[in-house]
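Remarks on the structure that follows.
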């Protein structure tokens with residue numbers, strides 16, 4: 001028994017939230033969110049206190065038409081001081097466009113799983129390593145940060161569990177050979193569980209204490225927040241979150257969205273962590289989403305409100321009270 | 001940093017799950033689940049390894065028609081050795097019917113909040129204490145266990161936060177004056193958060209180490225599993241769960257259901273806790289619910305499967321692989 005409260009009592013410790021909904025969320029949507037609305041959302045997310053915002057992806061407009069306005073978005077957003085504006089890039093061409101449009105960071109993606117890498121990127125992992133090595137070089141020359149997102153770090157929906165050695169080997173190449181400033185372990189399809197998260201986070205933190213480690217969870221099996229807490233308990237301080245809980249993965253039927261920005265921010269605030277997030281502003285931003293994406297969003301906080309958003313009592317409560325007080329005492 | 005893994009590594013520790021879906025879940029449904037289906041579900045839940053099953057409620061059939069077959073259900077279920085079959089009773093009449101039908105335990109309910117007690121039970125808390133004192137006496141005379149469920153222990157949707165003193169005072173009366181064998185702290189509308197859960201669990205465990213303490217959470221704001229983990233970290237070992245995640249509360253709009261039996265059992269199994277649950281049997285039981293209640297259920301495990309239920313790769317994966325291997329090496 002841990003009477004000090006441990007991980008459950010934040011005591012003002014800082015946790016940085018990285019918003020990925022504008023990329024990881026919107027790319028899964030069939031609706032095209034107008035460019036000016038994307039810009040307004042990103043600015044709202046910065047105002048709400050997000051420390052990093054993955055603003056868009058410089059990918060083929062045929063492959064992901066929802067993000068075909070990447071350059072226009074990145075050029076027009078307000079640049080809030082201290083906020084890192086990141087962009088996903090799959091290759092050298094994307095990297096050059098992203099740098100040209102002013103990205104602070106390039107987010108490079110590959111998978112810990114060979115099957116998932118092939119299905120998602122149409123390349124072997126060896127080909128991805130080689131391609132991303134070139135992209136990292138472009139970023140270094142432009143003095144732009146590099147972050148690597150390693151998909152399926154906690155399991156592959158086709159292959160099952162990934163060994164810790166496989167994940168560490170991937171991270172080692174990016175950190176030690178490519179000079180990546182940050183690594184994100186992605187639970188692409190919600191297979192992570194807290195014991196595994198704790199162990200893997202400890203392993204990475206011990207081996208590369210100077211590298212920014214981000215954890216990216218999906219809430220597919222209801223373990224999203226518990227995974228965040230296990231990672232914090234192991235020393236992690238950076239988490240990807242998605243506004244409204246948008247997101248998903250086409251290779252895992254039933255996979256629900258990323259952990260929800262306002263859900264994680266609300267929970268961490270309750271526990272006394274300092275996320276720097278203004279929850280009212282964040283919830284207001286999430287409330288804009290249903291009209292933009294054309295469907296209800298999974299956000300529980302948008303549905304139920306914050307824990308102390310009290311509800312009016314039933315209109316007859318005074319009558320019930322009067323009736324109760326008028327009752328004879330029951331025979332015991 | 002806790003390198004031992006702490007609460008995230010179960011290491012075979014035993015956690016007892018109490019199924020409440022047949023009462024707390026079904027009472028919220030408009031559909032009447034046929035008596036023989038209820039009996040079959042309860043037997044399936046016992047076979048799946050539930051340590052306690054709240055089988056029904058002996059309440060007014062006008063108030064809760066969904067449970068109007070309470071006596072018939074309790075008399076007909078198979079009695080699996082070691083399983084405690086509990087029944088909710090609101091008053092002396094209900095207690096006598098429940099005992100007559102063979103309940104192993106009477107579950108008595110009142111609220112930590114005066115407003116919620118009035119709205120839900122049409123009595124003041126003082127009146128509830130007095131009435132439940134009489135019910136406890138009936139149970140004692142019949143040598144039947146008494147458990148008290150204290151609603152709104154973590155906050156009231158109308159009044160806001162409950163003080164720890166209010167909750168402890170309620171527990172003290174039931175444990176010290178009425179001789180209750182068990183107390184359940186109910187997070188009726190999903191207001192609990194892990195820091196609060198940890199502190200309150202520690203307080204109760206320290207004051208009444210010999211009383212069975214159960215925690216009852218709702219996942220309204222996505223904190224269900226994290227609350228379970230905080231309670232385990234504070235020494236709790238008994239949790240209410242609801243098959244399929246059924247349940248809700250009419251006084252808190254947007255409140256989602258109880259924490260889901262198969263979701264909690266799955267997460268605890270992943271972490272190495274011994275719940276005694278056979279997950280395949282439990283999931284099969286949950287899969288029967290949509291046809292019985294007439295709507296989809298919130299269960300994420302029924303939707304997404306267990307974490308290692310792998311999916312077939314896309315049918316063209318071999319072609320993608322062959323194409324990738326045939327590619328010339330990229331210019332770096």
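Protein chains in written order, with the UniProt record's numbering: chain A, 1 to 332; chain B, 1 to 332. Ideal Cβ placement from N, Cα and C applies to all residues, glycine included.
> Who are the near neighbours of residue 64 of chain B in its chain, counting only those whose CB is closer than 6 Å to its CB and skipping five residues on each side?
Replying inline: 27
> Using a C-beta to C-beta distance shorter than 8 Å, which residues of chain B count as neighbours of residue 5 of chain A?
Replying inline: 195, 198, 199
> Is it buried or exposed for residue 3 of chain A, if we count other Cβ within 10 angstroms and need 16 for buried?
Replying inline: Reliability fails at residue 3 of chain A, whose pLDDT of 46 lies under 50, so the model's placement of it is uncertain and no value is given.
>> So residue 34 of chain A contacts chain B; which residues on that side make the cut at Cβ distance below 7 Å?
In response: The premise fails here: residue 34 of chain A is roughly 29 Å from chain B at the closest Cβ pair, so nothing lies under 7 Å.
> Using Cβ-Cβ distances below 7 Å, what residues of the stretch 284 to 304 of chain A are close to chain B?
Replying inline: 300, 301, 303, 304
>> On the DSSP bridge list, what partners appear for residue 145 of chain B?
In response: B:105
> When the distance is taken between beta carbons, is residue 132 of chain B closer than 9 Å to residue 185 of chain B?
Replying inline: no
>> Check for me: the alpha helix (DSSP H) holding residue 261 of chain A runs from which residue to which?
In response: 261 to 270
> Does residue 180 of chain A have its Cβ less than 9 Å from a Cβ in chain B?
Replying inline: no
> Three or more C-beta pairs closer than 8 Å, one from the stretch 164 to 172 of chain B and one from the stretch 218 to 225 of chain B: is that the case here?
Replying inline: no
> When DSSP builds the beta bridges, which residues end up paired with residue 13 of chain A?
Replying inline: Residue 13 of chain A is not bridged to any residue.
> Is residue 9 of chain B near residue 198 of chain A, with beta carbons less than 9 Å apart?
Replying inline: yes
> So residue 23 of chain A and residue 88 of chain A are in contact, right, with Cβ under 8 Å, and what is the actual spacing, rounded?
Replying inline: 6 Å
> Taking only beta-carbon atoms, is residue 209 of chain B less than 9 Å away from chain A?
Replying inline: no
> DSSP three-state call for residue 138 of chain A: helix, strand or coil?
Replying inline: helix
>> Nearest by alpha-carbon distance to residue 53 of chain A: which of A:95, A:21, A:119 is it?
In response: A:21
> Whole beta strand (DSSP E) runs in the stretch 179 to 203 of chain A with 3 or more residues, listed along the chain?
Replying inline: 182 to 186
>> By alpha-carbon positions, which one of B:191, B:193, B:213, B:194 ends up nearest to residue 181 of chain B?
In response: B:213
> How would you call residue 315 of chain B, buried or exposed, if buried means at least 16 neighbouring beta carbons within 10 angstroms?
Replying inline: exposed
>> Against chain B, with Cβ distances strictly below 9 Å, would residue 170 of chain A count as a contact?
In response: no
> Secondary structure at residue 350 of chain A, three-state DSSP: helix, strand or coil?
Replying inline: The shown model of chain A, from 1 to 332, leaves out residue 350 of chain A, and the question about it has no answer.
> Can you tell me whether residue 78 of chain A is buried or exposed, with buried defined as 16 or more other CB within 10 angstroms of its CB?
Replying inline: exposed
> What runs of the beta strand (DSSP E), each 3 residues or longer, lie entirely inside the stretch 13 to 45 of chain A?
Replying inline: 16 to 19
> What residue from B:190, B:246, B:241, B:205 has the CA that sits closest to residue 270 of chain A's CA?
Replying inline: B:190
> So what's residue 326 of chain B in DSSP terms, helix, strand or just coil?
Replying inline: helix
>> Tell me the DSSP secondary structure of residue 277 of chain A in three-state form.
In response: coil
>> Under 8 Å: do the stretch 290 to 310 of chain B and the stretch 90 to 97 of chain A share three or more Cβ pairs, one atom per stretch?
In response: no
>> Which residue wins for smallest C-alpha separation from residue 84 of chain A, given the options A:50, A:231, A:305?
In response: A:50
> Would you call the stretch 59 to 76 of chain A and the stretch 276 to 295 of chain A touching, i.e. three or more CB-CB distances under 8 Å?
Replying inline: no
>> Please report the straight-line C-alpha distance between residue 42 of chain A and residue 55 of chain A, rounded to a whole angstrom.
In response: 7 Å
>> At a CB distance below 9 Å, what residues from the stretch 150 to 162 of chain B approach chain A? Give them in sequence order.
In response: 154, 155, 156, 157, 158, 159, 160, 161
> the stretch 129 to 145 of chain A: which residues have C-beta closer than 9 Å to a C-beta of chain B, in chain order?
Replying inline: 130, 131, 133, 134, 137
> Under 9 Å between C-beta atoms, does residue 343 of chain A make it to chain B?
Replying inline: Given a span of 1 to 332 for chain A in the structure shown, any question on residue 343 of chain A remains unanswerable.
> Roughly how many angstroms separate the alpha carbons of residue 200 of chain B and residue 228 of chain B, rounded to a whole number?
Replying inline: 13 Å
> How would you call residue 67 of chain A, buried or exposed, if buried means at least 16 neighbouring beta carbons within 10 angstroms?
Replying inline: buried
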